[in-house]
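Enquirer:
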Amino acid sequence: PLSFARRLDVVQPSVTLAMNARAAELRSKGEDVFAFGVGEPDFEPPQFVLDGARAALEKGVSKYTAVTGIAALKEAVCARTTKVRGWTPKPNQVTISVGAKHALFNLALALYEPGDEVIIPAPYWVSYPEQVKMFGAQPVIVETDEASGFKMKPEAFAKAFTPKTKAVILCTPSNPTGSAYNESELRALLEVWKKSDAWLIVDEIYADLVYDGFKHTSAATIASDLLDRIVVIDGVSKTYAMTGWRVGWSITPPALAKKLDVVQGQSTTNASAIAQYAAAAALTGPQEAVEQMRATFEKRRNVMVEGLRSIPGVSCRMPEGAFYAFADCRSLYGIPYNGKPIANDEDVAFFLLEKAHVAAVPGGAFGAPGYVRFSYATSEDRIRGGIAAILKAVEAAK
Ligand code: PLP
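Per UniProt numbering, the sequence shown starts with residue 4, numbered consecutively.
1) Rounding to the nearest angstrom, what Cα-Cα distance links LEU212 and ALA380 in this structure?
2) Who are the Cβ neighbours of ILE225 in its own chain at under 8 Å, not counting the five residues just before and after it?
3) So is LEU11 buried or exposed if we call it buried at 16+ other beta carbons inside 10 Å?
4) Which of helix, strand or coil does DSSP assign to GLU146?
5) Could you compute how far the alpha carbon of ALA201 sits from the alpha carbon of ALA113?
6) For ASN23, which option in VAL361, GLY388, ILE390, GLU383 has the closest C-alpha, if you only look at C-alpha atoms?
7) Got a sec, what are the start and stop residues for the beta strand (DSSP E) THR98 sits in?
8) Does DSSP put VAL129 in a helix, in a strand, or in coil?
9) Short check: CB of ILE236 to CB of ALA103, under 8 Å?
10) Leaving out five residues before and five after ARG333 in sequence, what residues of the same chain have Cβ atoms less than 7 Å from its Cβ?
11) For the beta strand (DSSP E) containing LYS169, name the first residue and the last one.
12) Any residue with its Cβ nearer than 6 Å to a heavy atom of ligand 1 should be included. What is that list in chain order?
13) Nearest to VAL129 by CA position, among GLY118, GLU291, GLU120, PHE108, is which residue?
14) Which residue marks the beginning of the alpha helix (DSSP H) containing GLY388, and which one marks its end?
15) Where in the region 201 to 252 do unbroken runs of the beta strand (DSSP E), each at least 3 residues long, occur, reported from the N-terminal end onward?
16) With a Cβ-Cβ cutoff of 8 Å, do GLY324 and ALA183 count as a contact?
17) In the DSSP output, what is PHE39 paired with across the bridge?
18) Just tell me which of GLY42, PRO4, ALA258 has its CA closest to the CA of PRO94.
19) Please name the residue in THR175, THR85, GLY367 whose C-alpha comes closest to that of ASN347.
20) For the region 115 to 133 and the region 281 to 292, state whether three or more C-beta atom pairs, one from each stretch, are separated by less than 8 Å.
21) So, under 8 Å CB-CB, THR147 and MET155 are touching, yes? Tell me the CB distance rounded to an integer number of Å.
22) Hey, is the region 46 to 59 in contact with the region 276 to 283, meaning 3+ C-beta pairs nearer than 8 Å?
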């Protein structure tokens, strides 16, 4: 018999795979599927990013770089962190990885071991608990609800700590809810965390995509005396529409950066050289394109949330950031579909896919059954079209 490492037995394969496969099947049959499931901007990266990559190519970038990244990119990360996040890390704190997901994975490898607990508020990005489990540690999920904006309350947070708590993972703005902690909310959570000796990992990958004048606050600016326990995760995927380039990073205390150097040194080595130059161009170039994309997302958010709210019974909180609307779809339970009543969020998502040709992600995947995540990283026209299709399908099914 084939023998595999047992560490993967506890890891969930992505539940969205079956849905993606069905959406692809519909598309291959020539059906027009509304892509509200995706987690990536539909834009192309700004022209100066592509120019930066081309210029690097001309100069020659076909060799290994330093394991943790080229100096120009690390310096660019520090400069941009100073400018837009309000605190100044040093290059020896920055580890460039193959996307933020890879940065988180390497961190998990460097930090977690059996017996450790990692606090993660729900709804959560799917990879957080799975990466924790992969290394034999235990995710400790803290539930939140829509009434409190899907934000963790300090009291609930405090209760989750035990002597085994190794780390806390916060994502603000959040995938999947789009909720973001304002300064006072973050301060209150940090007061709780300070009493522990756990690491605080903050995923800020969506922090440039915030709306209605919301001001993102970085934990590092509040707890500047505790930078030896704070880790920031960030990258170019969302802000610069560069998902396929695969560049992300962690900012950690230097001692942890040294561990990550060991991890990458024995696994991936450096992120692709040309991608690193492209990322450096993104961070140091004119930032108007970022603001344009942000403003476009804000308009789309309004259309998506308004549209979802127009579906009888569906409620949807106005998110502060990212590009997801997270809608309570429990009122659609009971609608007949496939010979039986819709009974959960997966049924809702499959109903939307089959009857409205709308691809979206069921909330159970994010630890929030009853909800469905709708990405608005697509044009306003497509959002309107998808909403109209949902309205029609719901009407026809009743
Ligand atoms: N963190 C969050 C919350 C995300 O939603 C994503 C992408 O979906 C990532 C990290 C990973 O981004 P990347 O690996 O493309 O840098």
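We treat Cβ as the ideally placed atom computed from N, Cα and C, and that holds for glycine.
Bear in mind that the values here come from a model prediction, so they are computed numbers and not experimental data.
Expert: Short version:
1) As a first step, residue 212 is located in the sequence shown; it is residue number 209 there, counting from the start. As a first step, residue 380 is located in the sequence shown; it is residue number 377 there, counting from the start. Answer to the nearest angstrom: the Cα atoms are 12 Å apart.
2) Reading the sequence shown from its first residue, position 222 is the one you call residue 225. Only GLU186, LEU189, ARG190, LEU193 meet the Cβ criterion.
3) Residue 11 sits at position 8 when you count from the first residue of the sequence shown. So LEU11 ends up on the exposed side.
4) Translated into positions along the sequence shown, residue 146 becomes position 143. Residue state, collapsed to three classes: coil.
5) As a position in the sequence shown, residue 201 is number 198, starting the count at 1. As a position in the sequence shown, residue 113 is number 110, starting the count at 1. Spanning the two alpha carbons is a distance of roughly 14 Å.
6) Position 20 of the sequence shown holds residue 23. That would be VAL361, whose Cα lies nearest to the Cα of ASN23.
7) Translated into positions along the sequence shown, residue 98 becomes position 95. Note, THR98: beta strand (DSSP E), 97 to 100.
8) Here residue 129 refers to the residue found at position 126 when the sequence shown is read from its first residue. The answer is coil: DSSP assigns VAL129 none of H, G, I, E or B.
9) In the sequence shown, counting from the first residue as 1, residue 236 sits at position 233. In the sequence shown, counting from the first residue as 1, residue 103 sits at position 100. Yes, they are a contact pair.
10) Counted from its first residue, the sequence shown places residue 333 at position 330. Taken in chain order, the residues that qualify are GLY373.
11) Residue numbering aside, residue 169 sits at position 166 when the sequence shown is read from its first letter. Start and end: 168 to 174.
12) GLY42, GLY102, ALA103, LYS104, TRP128, CYS174, ASN178, ASP206, ILE208, GLY238, SER240, THR246, GLY251
13) Taking the first residue of the sequence shown as position 1, residue 129 is located at position 126. The shortest C-alpha separation from VAL129 is found at PHE108.
14) The count along the sequence shown starts at 1 and reaches residue 388 at position 385. Run containing GLY388: 383 to 400, per the alpha helix (DSSP H) assignment.
15) 202 to 206, 233 to 238
16) Residue 324 sits at position 321 when you count from the first residue of the sequence shown. Residue 183 sits at position 180 when you count from the first residue of the sequence shown. Yes, Cβ-Cβ distance for GLY324 and ALA183 is below 8 Å.
17) For this step, residue 39 is matched to residue 36 along the sequence shown. DSSP output for PHE39 lists no bridge partner at all.
18) As a working note, residue 94 is residue 91 in the sequence shown. Checking every option, the nearest Cα to that of PRO94 belongs to ALA258.
19) Here residue 347 refers to the residue found at position 344 when the sequence shown is read from its first residue. Checking every option, the nearest Cα to that of ASN347 belongs to GLY367.
20) no
21) For this step, residue 147 is matched to residue 144 along the sequence shown. For this step, residue 155 is matched to residue 152 along the sequence shown. Contact flag correct, Cβ pair sits at about 5 Å.
22) yes
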